[in-house]
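One gets our numbering by counting positions in the sequence shown from 1 and adding 1 to each.
By construction, the Cβ of each residue, glycine as well, lies at the ideal position given by its N, Cα and C atoms.
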Amino acid sequence: MRLATILPRASHAHVPVASAPDGTWIELAAITARKVARLEDALPWVMGHVSHLNERAASWKGPRYRGSEFDFLPPVVRPAAFREFDAFEMHVKSTRQKQGLEMPSAWYEAPVFHFANRLALIGQGAAVCAPTDSHELDFGLALGVFIGRRGRDIAPEKAWDHVAGFTIVNDLSARDLERRALPAGMGPSKGKDFATAVGPWLVPLSEMEDRIEGEKLSLNMNAKVNGKLVASSNTGTLYHSIPRLVAHASRDAELFPGDLLSTGAAGGVCFWDLGIKGSSGWLEPGDCVELEIERIGTLETRIIARPA
């Protein structure tokens, strides 16, 4: 089962949908017989009925969408909150070393995050350009975690009960702008404010149960640029586990269905960590980034020149 939000061609209204076995997509409102204007509205119900949805999709005789008839939007188009963690130790070490900084002990004691721009999410196949005054556009392969049930002060051992499922996040970054902002101590600021790619869809937690052991989720991660494999990792290398991210995010704060948590870029799966690429060392107009996470799919982002 895959859940997504699509924008049919020649339409201005987005539609929450569920996948069918033949590769088509069915309106979630129709297949659930419930009013579903936004995907997040259905997540609490969907979490307890995935097997039922699979059965309904397999036997569905009604109207459906084919891939040529729509574009994918982010699964949750405008989440109530988007928290971006930095939970992969290797990436954090690389970032700090490039600034001449040591790893602080506080990073190991609890996960850290910043609130990212929830209104700047883009979907599968979307085009993006470097922001103003930036010449160092980078990708970052991260796992996205969607909250499915609201909760506050969630204990780590209860955290999986609040996770609806997973998606892929391209943690796009303007590294030159980020480097200028970080010494001020308020996060990456305009270095990450312009766009974050999310998608193509949400895969329910129930489809990952055989890859979860305690707090650890193990899925292979691959990044390609212009069809060439440039880096690989695994979600199992997270220093701070997904349940710990959920627990920390909910500490003295309410989480709501559709809230998005990003693990932050995996270690070694961005040009910042890898070093030189091409002539500039960064993404350039004409490049195509394909980020793959096992059992989820592939998120594609196209790089274009900034409009004159």
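**Study point:** Of the listed residues K62, W46 and S69, nearest to I7 (C-alpha basis)
**Key:** The count along the sequence shown starts at 1 and reaches residue 7 at position 6. Of the listed residues, the one whose Cα sits closest to I7 is S69.
Exercise for review: Mark N15 as exposed unless 16 or more other C-beta atoms lie within 10 angstroms of its C-beta, in which case mark it buried.
Suggested key: If you number the sequence shown from 1, residue 15 lands on position 14. This sequence places His at residue 15; Asn is not what is there. Label assigned to H15: buried.
Check your understanding: Which whole-angstrom value is the C-beta distance of I297 and V204, which I expect to be below 8 Å?
Key -> For the purposes of this step, residue 297 is identified with residue 296 of the sequence shown, where counting begins at 1. For the purposes of this step, residue 204 is identified with residue 203 of the sequence shown, where counting begins at 1. Confirmed, Cβ separation roughly 5 Å.
Review point. Per DSSP, which one or two residues make a beta bridge with N235?
Key: Numbered from 1 along the sequence shown, position 234 holds the residue referred to as residue 235. Per DSSP, N221.
Check your understanding: Of all the CB atoms in chain B, is at least one closer than 9 Å to the CB of H50?
Key -> In the displayed structure, chain B is absent; only one protein chain is listed.
Exercise for review: Quick one: measure Cβ to Cβ for P76 and F147, integer angstroms, because I've assumed they're closer than 8 Å.
Suggested key: Sequence index remark: in the sequence shown, residue 76 carries index 75 (1-based). Sequence index remark: in the sequence shown, residue 147 carries index 146 (1-based). Contact holds; Cβ gap of about 7 Å.
Practice item. Can you give me the start and stop residues for the beta strand (DSSP E) that D72 sits inside? Key: To locate residue 72, count along the sequence shown from 1; it is residue 71. Where D72 is concerned, the enclosing beta strand (DSSP E) stretches over F71 to L74.
Check your understanding: Quick one, which of E295, L284 and F71 has its alpha-carbon nearest P9's?
Key -> What you label residue 9 is simply residue 8 of the sequence shown in a count that begins at 1. When each option's Cα is compared against that of P9, the closest is F71.
Point to revise | Proximity winner among L54, V199 and E208, relative to D172 (alpha-carbon distances) | key: Here residue 172 refers to the residue found at position 171 when the sequence shown is read from its first residue. It is V199 whose Cα lies nearest to the Cα of D172.
Practice item. Taking A19 and I32 to be in contact with their CB atoms under 8 Å, please state how far apart those CB atoms are, rounded to whole angstroms. Key: For the purposes of this step, residue 19 is identified with residue 18 of the sequence shown, where counting begins at 1. For the purposes of this step, residue 32 is identified with residue 31 of the sequence shown, where counting begins at 1. Correct: roughly 6 Å between the Cβ atoms.
Practice item. State yes or no: is the C-beta of T25 within less than 9 Å of the C-beta of W273? Key: The residue you call residue 25 lines up with position 24 of the sequence shown. The residue you call residue 273 lines up with position 272 of the sequence shown. In this structure, W273 does not lie closer than 9 Å to T25 by Cβ.
Check your understanding: If you follow the beta strand (DSSP E) that H115 is part of, which residue opens it and which one closes it?
Key -> The sequence position of residue 115 within the sequence shown is 114, counting from 1. From DSSP, the beta strand (DSSP E) with H115 extends over F114 to F116.
Exercise for review: Go through its chain and collect everything with a Cβ distance to A21's Cβ below 7 Å, but skip five positions before and after it.
Suggested key: Locating residue 21 in the sequence shown gives position 20, where the first residue counts as 1. So the list reads I27, A58, W61 and R65, once near-sequence residues are dropped.
Review point. Are there 16 or more other CB atoms within 10 angstroms of the CB of M187, so buried, or fewer, so exposed?
Key: Locating residue 187 in the sequence shown gives position 186, where the first residue counts as 1. It counts as exposed.
Check your understanding: Would a C-beta distance cut-off of 9 Å place G192 and V170 closer than the cut-off?
Key -> Indexing the sequence shown from 1 puts residue 192 at position 191. Indexing the sequence shown from 1 puts residue 170 at position 169. Going by C-beta atoms, G192 is not nearer than 9 Å to V170.
Practice item. Please check the pair L262 and L246, which I expect to be a contact at CB under 8 Å, by giving their CB distance rounded to whole angstroms. Key: Your numbering for residue 262 matches position 261 in the sequence shown. Your numbering for residue 246 matches position 245 in the sequence shown. Contact holds; Cβ gap of about 5 Å.
Practice item. Give the range of the beta strand (DSSP E) segment to which L8 is assigned. Key: Sequence index remark: in the sequence shown, residue 8 carries index 7 (1-based). First-last of the beta strand (DSSP E) with L8: L4 to P9.
Check your understanding: Quick one, which of M2, H136 and V113 has its alpha-carbon nearest E56's?
Key -> In the sequence shown, the residue the question calls residue 56 occupies position 55. If we check each option's Cα against that of E56, M2 comes out closest.
Exercise for review: Evaluate Q98 with the Cβ neighbour count: other Cβ atoms within 10 Å of its Cβ, from every protein chain shown; 16 or more gives buried, anything less gives exposed.
Suggested key: The residue you call residue 98 lines up with position 97 of the sequence shown. Q98 should be labelled exposed.
Review point. Could you check where the beta strand (DSSP E) with S20 kicks off and where it finishes?
Key: Walking along the sequence shown from the start, residue 20 turns up at place 19. It spans V16 to S20 - the beta strand (DSSP E) in which S20 sits, taken as one unbroken run.
Check your understanding: Are the beta-carbon atoms of N227 and C271 separated by less than 9 Å?
Key -> Counting from 1 along the sequence shown, the entry for residue 227 is found at position 226. Counting from 1 along the sequence shown, the entry for residue 271 is found at position 270. No. Outside cutoff.
Exercise for review: Pull up the distance between the alpha-carbon of G215 and that of H249, whole angstroms please.
Suggested key: Translated into the one-based positions of the sequence shown, residue 215 becomes position 214. Translated into the one-based positions of the sequence shown, residue 249 becomes position 248. Approximately 17 Å, taken between the alpha carbons.
Point to revise | Inter-residue CB distance, A306 and G269 (contact presumed, cutoff 8 Å) | key: On the sequence shown, position 305 is the one that residue 306 refers to. On the sequence shown, position 268 is the one that residue 269 refers to. The Cβ separation is near 28 Å, so there is no contact.
Exercise for review: For Q100, count neighbouring C-beta atoms within 10 Å of its own C-beta (all shown protein chains included) and say buried if the count is 16 or more, exposed if not.
Suggested key: Sequence index remark: in the sequence shown, residue 100 carries index 99 (1-based). When all chains shown are included, Q100 counts as exposed.
Practice item. Put Y66 into one of helix, strand or coil per three-state DSSP. Key: Here residue 66 refers to the residue found at position 65 of the sequence shown. The answer is strand: DSSP assigns Y66 an E or B state.
Practice item. Run the CB neighbour count on R67, radius 10 Å, all protein chains shown included, and call it buried at 16 or more, exposed below. Key: Start at 1 with the first residue of the sequence shown, and residue 67 comes out as number 66. It is exposed - the Cβ of R67 has fewer than 16 other Cβ atoms within 10 Å.
Practice item. List the residues that DSSP assigns as beta-bridge partners of P205. Key: One-based indexing of the sequence shown puts residue 205 at position 204. Answer is G166.
Exercise for review: Return yes when the Cβ of R303 is within less than 9 Å of the Cβ of V78, no when it is not.
Suggested key: Within the sequence shown, the letter at position 77 stands for residue 78. Within the sequence shown, the letter at position 302 stands for residue 303. No; because the gap between Cβ atoms is not below 9 Å, this pair is not in contact.
Review point. Nearest-angstrom Cα distance between F167 and E295?
Key: One-based indexing of the sequence shown puts residue 167 at position 166. One-based indexing of the sequence shown puts residue 295 at position 294. Roughly 11 Å separates the two Cα atoms.
**Study point:** Contacting residues, own chain, Cβ-Cβ under 6 Å from M90 (five flanking each side not counted)
**Key:** Here residue 90 refers to the residue found at position 89 when the sequence shown is read from its first residue. The identity of residue 90 in the sequence shown is Glu, whereas the question assumes Met. Closer than 6 Å at the Cβ level, and outside the excluded window around E90, lie Y240.
Point to revise | Run of the alpha helix (DSSP H) containing R57, from where it starts to where it stops | key: Here residue 57 is taken as the residue at index 56 of the sequence shown, counted from 1. Residues V51 to S60.
Exercise for review: Between the Cα of T197 and those of A131, A11 and G287, spot the shortest distance and give me the residue it belongs to.
Suggested key: Residue mapping note: residue 197 aligns to position 196 of the sequence shown, counting from 1. Nearest of A131, A11 and G287 to T197, Cα basis: A131.
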